[in-house]
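Scroll down for the structure; my scribbles are underneath it.
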Amino acid sequence: MTDPQTSRNLPSGLPPLEPEAREHQAAVARYLAEQIRQAPGGFLPFDQWMHHTLYAPSLGYYAAGSTKFGGATLGGDFTTAPELTPLFGRTLAAQVAQVLRASGSDSVLEFGAGSGALAASLIPALRDLGIEPKYRIMEVSADLKERQFDRLAPLQADVRWLDALPDGFEGCVIANEVMDAMPVHLFRWQEDGALHELGIVCEDDAFAMAQREAPPQLARALEQRMPAYPGYRSEINLQAEAWIRGMGDWLRRGAALLIDYGFPRHEYYHPQRAEGTLMCHFRHHAHSDPLAYPGLQDITAHVDFTAMADTALEAGLDVMGYTSQARFLLNCGLMAHLPLNGAADGMEQAMALAAVQKLLSEAEMGELFKVLAIARGVEAPLLGFQQGDRRHRL
52 MTDPQTSRNL PSGLPPLEPE AREHQAAVAR YLAEQIRQAP GGFLPFDQWM HHTLYAPSLG
112 YYAAGSTKFG GATLGGDFTT APELTPLFGR TLAAQVAQVL RASGSDSVLE FGAGSGALAA
172 SLIPALRDLG IEPKYRIMEV SADLKERQFD RLAPLQADVR WLDALPDGFE GCVIANEVMD
232 AMPVHLFRWQ EDGALHELGI VCEDDAFAMA QREAPPQLAR ALEQRMPAYP GYRSEINLQA
292 EAWIRGMGDW LRRGAALLID YGFPRHEYYH PQRAEGTLMC HFRHHAHSDP LAYPGLQDIT
352 AHVDFTAMAD TALEAGLDVM GYTSQARFLL NCGLMAHLPL NGAADGMEQA MALAAVQKLL
412 SEAEMGELFK VLAIARGVEA PLLGFQQGDR RHRL
């Protein structure tokens, strides 16, 4: 089929592709066209489109070897909190240490470790707190595994990469910006109240969005969560719920710290949020077209934290806390890590303050990002939720 870049209108402002990127996109487009051809009725549900564009071996966004993390000057597509400043990991260490001591373990399991920035700051901080962690990483991208290995090797720490979930785990689980990258179902309520699922078809040698009657499983899940809003489009992350449900099987003792952008359900499915939360990122350009540059751009959706908390409870886990990233970091002592003593020069202090401002500001990451803690066998109140716990809003 024709390269979608040349056969459909792209969002304005996106930078042009270099020859190598165009060649990669063409390969991804051929792969996706074949997936659509094999799908029943030539209709590929959106969650499968998102899975293939992000995770297809050697082709998907997270499986191919392009630069994903870092600032615009580094050619990345987005910046995560650990990439922004090591103060994030150093502050998180206080909460991780409390969980490890409460669970009688020194094991940390990080999902989706990205460039390894969080582990690179967290491991030394845990050492400073008297803990030599056994650090385990679950990473689907072979490319990112290599980057993580290179970044973490100088620490000479006990770091290992897992190919499968553990049968049983005791310790602290960390997932920073993981759930938002899990494939979601897209849906739309029709004017007559019928529920439709959105997916992708090939139309006139181009990818196009289409819709069909929602399958029973999707319809049941949504009808339990929200009324029918005619014309309303949004998404539901059943894969993240399945992931948390599985955690109920393998988390024997300890806690999981889930850090991501999102809302409680009453805000997520608010009538005024009629186009959902789906967002795409390409070289620090944010837009809402998931069909543009397949395999080269990130696709994300915000997290329904009510759904995650409910699923945890159904899986036999305890919901230990829910709050904003700003409140969580302040509770964990972020301000004590600022380099404000005489040993820090003016430039270092200014950069640290700017990063902290972004972590805490309501206009930046402080309010949009939330922290949800789910646990088993941990009795003590968690440090990060001592003030400003919002579980009552879930």
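Per our numbering, residue 52 is the first one in the sequence shown, and the count goes up by one each step. Here a beta-carbon is modelled for each residue, glycine too, at the ideal position from N, C-alpha and C.
About 6 Å separates the Cβ atoms of Val354 and Asp231, confirming a contact at the 8 Å cut-off.
Put simply, the backbone Cα of Asp361 is about 14 Å away from that of Arg441.
For Pro266, the closest alpha carbon among the candidates Phe94, Ser192, Glu413 and Leu419 is that of Phe94.
When DSSP states are grouped into helix, strand and coil, Met277 belongs to the coil group. Here the region 129–149 does not lie against the region 189–203, with fewer than 3 beta-carbon pairs under 8 Å apart.
Contact between Ala377 and Glu418 holds, with the beta-carbon distance rounding to 6 Å and staying under 8 Å. Non-local beta-carbon contacts of Ala168 in its own chain, meaning distances under 6 Å to residues more than five positions away in sequence, involve Pro133 and Glu134 in chain order.
In this structure Ala114 is in contact with Tyr106, their Cβ atoms being roughly 6 Å apart against a cut-off of 8 Å. Judged by their CB atoms, Arg187 and Val147 are not nearer to each other than the 8 Å cut-off. With a beta-carbon spacing of about 28 Å, Gly305 and Val235 fall beyond the 8 Å limit used to define contacts. When beta bridges are read from the DSSP output, Gln262 appears opposite Leu249. For Phe162, the three-state secondary structure derived from DSSP is strand. Taking all protein chains in view, the Cβ of His103 is crowded by 16 or more other Cβ atoms within 10 Å, so the residue is classified as buried. Across the structure, Gln438 and Ala245 are spaced so that their CA atoms are roughly 43 Å apart. Following the DSSP letters along the chain, one finds Asn227 inside the beta strand (DSSP E) bounded by residues Phe220 to Asn227.
Using a Cβ distance threshold of 8 Å, Leu389 and Val407 count as a contacting pair. Cβ neighbours of Pro315 within its own chain (closer than 6 Å, five residues either side excluded): Phe356, Thr357, Arg444 and Leu445. Setting aside the 5 residues that flank it on each side, Ala279 is surrounded in the same chain by Trp240, Gly244 and Leu246, each with a C-beta closer than 8 Å to its C-beta; the list follows chain order. Around the C-beta of Phe238, 16 or more other C-beta atoms lie within 10 Å, and the residue is accordingly described as buried. Following the DSSP letters along the chain, one finds Glu71 inside the alpha helix (DSSP H) bounded by residues Pro70 to Gln89.
In this model, Pro432 and Met371 are separated by some 7 Å (Cα to Cα). Ranked by Cα distance from Pro341, the first of Phe258, Glu248 and Phe162 is Phe258.
Boundaries cannot be given for Thr130, as no alpha helix (DSSP H) includes it and DSSP labels it neither H nor E. Judged by DSSP secondary structure, Glu286 falls within the beta strand (DSSP E) whose first and last residues are Arg284 to Ile287. In the pairwise beta carbon analysis, the region 196–214 is classified as touching the region 169–185: at least three pairs are separated by under 8 Å. If you draw a straight line from the Cα of Tyr112 to the Cα of Arg178, it comes to about 34 Å.
Leaving aside the five residues that flank Val191 on each side, the residues in its chain whose CB is nearer than 8 Å to its CB run, in chain order, Tyr106, Tyr113, Ala114 and Gly163.
For Ala360, no pairing in a beta bridge is given by DSSP.
Restricted to the region 350–418, the beta strand (DSSP E) segments that are unbroken, complete and at least 3 residues in length are 369–375, listed in chain order. Spatial neighbours of Leu216 in its own chain (CB-CB distance under 6 Å, excluding positions within 5 residues in sequence) are listed in chain order as Trp301.
Taking one beta carbon from each stretch, the region 291–298 and the region 396–406 have fewer than 3 pairs nearer than 8 Å; the two do not touch. In the three-state scheme derived from DSSP, where H, G and I count as helix and E and B as strand, Arg334 is classed as coil.
According to the DSSP secondary-structure assignment, Tyr186 is paired through a beta bridge with Val159 and Val210. Around the beta carbon of Asn60, fewer than 16 other beta carbons lie within 10 angstroms, which makes this residue exposed. Distances from the alpha-carbon of Gln199 to those of Gln400, Gly165, Arg152 and Ala144 put Gly165 closest.
Under the three-state reduction of DSSP, Val147 is assigned to helix.
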